[in-house]
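Numbering (my numbering), first residue to last: 979 to 1268. First up is the structure itself, then whatever we jot down about it.
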């Protein structure tokens, strides 16, 4: 395995430096590779000011363009190229959104500007990916929901921290759907897509059972052994987002994304339901802290 990184470090695998936007010696690692997985992109957990918007967009589009150019120059191109995308590409909805009939967002007249920006980034990202001339390489855009892992600094870590501080109540109305995927199912889905040669195009990586925010937070409180959590209204979240240097879209947009293509082709989720997933993640987090 070869990992491309802007910050190479000593690891058990080979790490090759790259800047995420221009061709370099790293492209030799793509020659005759089985799989290329590109997950590069600046974190969206920030305020959407002009500078951050530019970095969010360019880090995704330019890295994808560089990977596509490297593959195009291979005499023996990789069999598969998987590129990160996002379930945020779908519109704010309380109805299920799958790969075939799901409606892309950003066109609704009342869509907040930050939400429209996220959809535009997702569309530009996928457009760059699918337009790259890479004949002979199977291509899959990974429209991933929030990946829940016990690792420090991730979204689960942030949510668990709020719960433990007594702030784990419903956000806003609590009716907006939360789409998520357990980290082990994310990895298993990648393995499945590598082996299942008939699948290409866009694939939703999300649990088959998204649930309303109020139920999501309640299950997390139960898993953490916290009996009560203060709810937060939309105006409270907007103020809190300013101090935390983030955006409320991550909490208030309703994402009811379902993994129809994975399910139709026989993928078996180990953690299809959030209460079981939350208990596993809390347990793993506690064990890691020992």
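Don't be surprised by glycine CBs; every beta carbon is placed ideally from N, CA and C.
Residue state for residue 1087 is assigned as coil, using DSSP reduced to three classes. The alpha-carbon separation between residue 1061 and residue 1126 amounts to approximately 19 Å. Shown here, residue 979 sits in coil according to DSSP, grouped into three states, outside any helix or strand.
Judged by beta-carbon spacing, residue 1058 lies within the 9 Å limit of residue 1172, meaning their Cβ atoms are closer than that value.
Bounds of the beta strand (DSSP E) holding residue 1179 are 1179-1183. For residue 1054, the closest C-alpha among the options 1165, 1192, 1005 is that of 1005. Distance check between residue 1225 and each of 1251, 1212, 1262 places 1212 closest, using alpha-carbon atoms only. Between residue 1082 and residue 1097, the CB-CB gap stays under 9 Å.
Within the stretch 1118-1146, complete beta strand (DSSP E) segments of at least 3 residues are found at 1124-1126, given in chain order. Between residue 1042 and residue 1106, the C-beta gap is smaller than 9 Å, which places the two residues in contact. Only residues of its own chain outside the window of five on either side were considered, and among them 1030, 1223, 1224 have a CB closer than 7 Å to the CB of residue 1024, listed in chain order. By the neighbour-count criterion, in which 16 or more other beta carbons inside 10 Å mark a residue as buried, residue 1077 falls on the buried side.
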